[in-house]
Amino acid sequence: MTQPCFNLATCYPNVSMPLGYECSCVLGFSSVNCEVDERSCRLGLSCLNGGTCHGGQCVCPTGKIGDHCEYEVDTCTFACVAIGCIASVIGFVLIMDALKYFFNIDPIDYDISSSKKKQNDLRQDEKKTKRN
Numbered sequence: 013m014t015q016p017c018f019n020l021a022t023c024y025p026n027v028s029m030p031l032g033y034e035c036s037c038v039l040g041f042s043s044v045n046c047e048v049d050e051r052s053c054r055l056g057l058s059c060l061n062g063g064t065c066h067g068g069q070c071v072c073p074t075g076k077i078g079d080h081c082e083y084e085v086d087t088c089t090f091a092c093v094a095i096g097c098i099a100s101v102i103g104f105v106l107i108m109d110a111l112k113y114f115f116n117i118d119p120i121d122y123d124i125s126s127s128k129k130k131q132n133d134l135r136q137d138e139k140k141t142k143r144n
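Taking the working numbering, I'd label the letters of the sequence shown as residues 13 to 144.
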């Protein structure tokens, strides 16, 4: 009998099978004669973004993941997040200073005087209701 099995598969005689033989496929191959390649890559083909094919699997470069290296990993570290937070605080302080010193608007004083006015209005309303 000639070797009907492909891709390093082992052929066993089996009279119960329609073709009279059975193929034992190696990992990554399937079908009756092991001709279907189910590996994610073949000889360097189908790996994206600089990935390389080793043993039927794509080995992805740093920052890439997926069966074919098709996805990017978010590489923002704690340092990136910390820098973003610090920049936000500095921006807030600069805006507050610009409002106060260039436009004579002090949001903090405005909030304090606004809350004091509300408290005084409430006290006056309470006094009026007590008189009646």
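Virtual Cβ for every residue (Gly too), placed ideally from N, Cα, C.
Please read these numbers as outputs of a predicted model, since none were measured by experiment.
Check	Outcome
Cutoff 6 Å; reference A110; Cβ partners in own chain excluding five residues on either side	none
Span of the alpha helix (DSSP H), counted from its first residue to its last, around V93	F90 to F115
Under the three-state DSSP convention, the category Q131 falls into	helix
Close Cβ partners of N61 (< 6 Å) along its chain, the five nearest in sequence each way excluded	K76 and C81
A21 burial status per 10 Å Cβ neighbour count (16 or more: buried)	buried
Closest by C-alpha distance to G40, when choosing among F90, G68 and G96	G68
Buried versus exposed call for C88 [16 or more other C-beta atoms within 10 Å across all chains shown]	exposed
Cα-Cα separation, R143 to I102	51 Å
Of the listed residues K139, C35 and E138, nearest to E47 (C-alpha basis)	C35
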